[in-house]
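**Q**
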Amino acid sequence: MNTSIDIIVPCYNEEPGLNYFYTETRKVLDTIENYRFRFLFINDGSQDQTLRELRRLAALHSDVWYLSFSRNFGKEAAMYAGLKHTDSDLVIIMDADLQHPPSMIPSMLKGIEEGYDCAAARRTSRAGESKIRSFFSSMFYRLSNRMTDVQMAQGAVDFRVMTRQMVNAILQLSEVERFSKGIFSWVGFRTKWYPYENVERVIGTTKWSFWGLFRYAISGITSFSIAPLRMVAVTGFIISLAAFLYIIFTLIKTLMFGIDVPGYVTILCAVLFLGGIIELSIGILGEYISHIYLEAKDRPVYIIQESHLEQNSSDSVPDTHHKE
Numbered sequence: 024m025n026t027s028i029d030i031i032v033p034c035y036n037e038e039p040g041l042n043y044f045y046t047e048t049r050k051v052l053d054t055i056e057n058y059r060f061r062f063l064f065i066n067d068g069s070q071d072q073t074l075r076e077l078r079r080l081a082a083l084h085s086d087v088w089y090l091s092f093s094r095n096f097g098k099e100a101a102m103y104a105g106l107k108h109t110d111s112d113l114v115i116i117m118d119a120d121l122q123h124p125p126s127m128i129p130s131m132l133k134g135i136e137e138g139y140d141c142a143a144a145r146r147t148s149r150a151g152e153s154k155i156r157s158f159f160s161s162m163f164y165r166l167s168n169r170m171t172d173v174q175m176a177q178g179a180v181d182f183r184v185m186t187r188q189m190v191n192a193i194l195q196l197s198e199v200e201r202f203s204k205g206i207f208s209w210v211g212f213r214t215k216w217y218p219y220e221n222v223e224r225v226i227g228t229t230k231w232s233f234w235g236l237f238r239y240a241i242s243g244i245t246s247f248s249i250a251p252l253r254m255v256a257v258t259g260f261i262i263s264l265a266a267f268l269y270i271i272f273t274l275i276k277t278l279m280f281g282i283d284v285p286g287y288v289t290i291l292c293a294v295l296f297l298g299g300i301i302e303l304s305i306g307i308l309g310e311y312i313s314h315i316y317l318e319a320k321d322r323p324v325y326i327i328q329e330s331h332l333e334q335n336s337s338d339s340v341p342d343t344h345h346k347e
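My numbering applies: residue 24 is where the sequence shown begins, and numbers increase by one.
#1: Spatial neighbours of GLY68 within its chain, please: C-beta separation below 6 Å, excluding the five flanking residues on both sides.
#2: Taking only three categories from DSSP, how would you classify GLU329?
#3: Going by DSSP, what residue range makes up the alpha helix (DSSP H) through VAL190?
#4: Would you tell me roughly how many angstroms separate the C-alpha atoms of ASP342 and ILE135, rounded to the nearest one?
#5: What does ASN66 pair with, by DSSP beta-bridge criteria?
#6: Give me the Cα-Cα distance between TRP366 and PHE202, rounded to the nearest whole angstrom.
#7: Along the beta strand (DSSP E) that carries ARG146, what are the first and last residues, could you check?
#8: Do the CB positions of VAL32 and ALA119 come within less than 8 Å of each other?
#9: CB-CB under 6 Å to GLU38, same chain, minus the five flanking residues each way: which ones, in chain order?
#10: Just to confirm, are MET127 and ASP181 a CB contact at a threshold of 8 Å?
#11: Report back the beta-carbon spacing between ILE30 and MET117 to the nearest angstrom; my notes put them in contact at under 8 Å.
#12: With DSSP run on the structure shown, which of helix, strand or coil describes PHE96?
#13: Is PRO125 near THR48, with beta carbons less than 8 Å apart?
#14: When you compare only the Cα positions, how much space is there between GLY259 and PHE272?
#15: From which residue to which residue does the beta strand (DSSP E) around VAL114 run?
#16: What is the C-beta distance between ASP86 and PHE64, in whole angstroms, given that I count them as a contact (C-beta under 8 Å)?
#17: In whole angstroms, what separates the C-alpha of TYR43 from that of ILE326?
#18: Starting from the Cα of PHE60, find the closest Cα among THR26, TYR35, ALA82 and ALA142 and give me that residue.
#19: Can you tell me the Cα-Cα spacing of VAL199 and ALA266, whole angstroms?
#20: Pick helix, strand or coil for PRO218, following the three-state DSSP scheme.
#21: Out of GLY105, GLN174 and ILE261, which has the shortest C-alpha to C-alpha gap to ASN191?
#22: If we ignore side chains and look at the alpha-carbon of each, how far apart do GLN177 and THR186 end up?
#23: Can you tell which of THR109, PRO129 and PRO323 has its C-alpha closest to the C-alpha of ASP53?
#24: Would you identify the three-state DSSP class for THR54, choosing helix, strand or coil?
#25: Decide if GLY309 is buried, meaning its Cβ has at least 16 other Cβ atoms within 10 Å, or exposed.
#26: Output the distance between the C-alpha atoms of LYS204 and HIS331, rounded to the nearest integer angstrom.
#27: Under three-state DSSP, which class holds ALA119?
#28: Quick one: give me the first and last residue of the alpha helix (DSSP H) that MET131 is part of.
#29: Can you tell me which of the three DSSP states THR26 falls into?
#30: If you draw a straight line from the C-alpha of ILE4 to the C-alpha of PHE212, how long is it?
#31: What residues are listed by DSSP as bridge partners for ARG61?
#32: For GLU302 and LYS98, what's the separation of their Cα atoms in angstroms?
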């Protein structure tokens, strides 16, 4: 019996390239024997006609299925929804813009056949991107690996093949503020990495802004590490110790030489420095409090407005899929 594989494809304003993505990926899949593939597209509240295009593809191809959110919940929610709706032996996650080369799928499946639980892609270059963006991306991986116990491969992307056991483990982590790259590493399991050169988009433009990536990086670090909180505590201790020593020095100097006229520059620098440290500390604490706040509300990770899966199953009940 052939091994079943679900391909999860998050989509946000991908209307122009969906048919091309399906056609190019299907060409590769048709060369692979002993596997049954199904596409599960997740429409993440697209503002264009992505949903209409998914309906068309589903009507034309029996291996195309889709879910559509009531609004934009983000790529992380889309991947989680896809994983929740799979029951196949293996699961593939890949983007709809063909920046995750379908040609890598056969070799990645061989990695699974070798006994690995996950075969994942790792980008070795960022050709076509700005040098500033590439620099900050590299710095993120270095900082994250230094500050957290979760070690991510440099250039790791979401493109990967996973066994059912690994998928089930990932689904046990049902937090609202998701950082899948960290989650994939946190659950463990044996992973084989496949390096590849960066591929530029053939159709459309990236949906990630620099600020969006920055916030995503901060969320990733604070989701898997309390190192920033410890840094605040250490910084506070050092400043307090320095202040105490300065007080002792000032008292001794005053007793020996009398009262000295304080300098304006010294006071200004001290106030600005301490004020900056306080603001930074409050910001770091606020980031962690925001995680607690979002999780405490226990809202669903996503809400489904339309489901092709439900249309093709009898007596189905709409499911907003709350966290478990």
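Think of the CB as a built atom: it goes at the ideal place given N, C-alpha and C, for glycine as much as any other residue.
**A** On the basis of the coordinates in this document:
#1: Within the same chain, GLY68 has close Cβ partners PHE92, ARG94 and ASN95.
#2: In this structure, GLU329 counts as strand in the three-state DSSP scheme.
#3: Segment 187-194, the alpha helix (DSSP H) holding VAL190.
#4: With a pLDDT of only 42 at ASP342, under 50, the local geometry of the prediction cannot be trusted, and no value is derived from it.
#5: Partner(s): CYS34 and SER91.
#6: Missing from the structure shown is residue 366; the chain here goes from 24 to 347 and no further.
#7: ARG146: member of the beta strand (DSSP E) spanning 141-146, first to last residue.
#8: Contact flag set, yes.
#9: Excluding positions up to five away in sequence, the list reads ASP71, GLN72, THR73 and GLU76.
#10: It is not a contact, given that the beta carbons lie outside the stated cut-off.
#11: Going by Cβ atoms, the distance from ILE30 to MET117 rounds to 7 Å, so yes, they are a contact pair.
#12: PHE96 falls in the coil class under three-state DSSP.
#13: Less than 8 Å divides the Cβ of PRO125 from the Cβ of THR48.
#14: Using only the alpha carbons, I get a separation of about 20 Å.
#15: From DSSP, the beta strand (DSSP E) with VAL114 extends over 113-116.
#16: 11 Å between Cβ atoms; not a contact.
#17: Here the alpha carbons of ILE326 and TYR43 stand approximately 28 Å from one another.
#18: Nearest of THR26, TYR35, ALA82 and ALA142 to PHE60, Cα basis: THR26.
#19: Taking C-alpha positions only, VAL199 is separated from ALA266 by approximately 41 Å.
#20: Here PRO218 sits in strand by DSSP.
#21: Residue GLY105 holds the alpha-carbon nearest to the alpha-carbon of ASN191 among GLY105, GLN174 and ILE261.
#22: If you take the alpha carbons of GLN177 and THR186, they lie about 22 Å apart.
#23: The shortest C-alpha separation from ASP53 is found at PRO129.
#24: Coil.
#25: It is exposed - the Cβ of GLY309 has fewer than 16 other Cβ atoms within 10 Å.
#26: A straight-line Cα-Cα distance of about 28 Å links LYS204 and HIS331.
#27: ALA119 falls in the coil class under three-state DSSP.
#28: Per DSSP, MET131 belongs to the alpha helix (DSSP H) from 128-136.
#29: Three-state result, THR26: strand.
#30: This structure gives no information on residue 4, because the portion of the chain shown stretches from 24 to 347.
#31: Beta-bridge partners of ARG61 (DSSP): ASP29.
#32: Roughly 31 Å between the two C-alpha positions.
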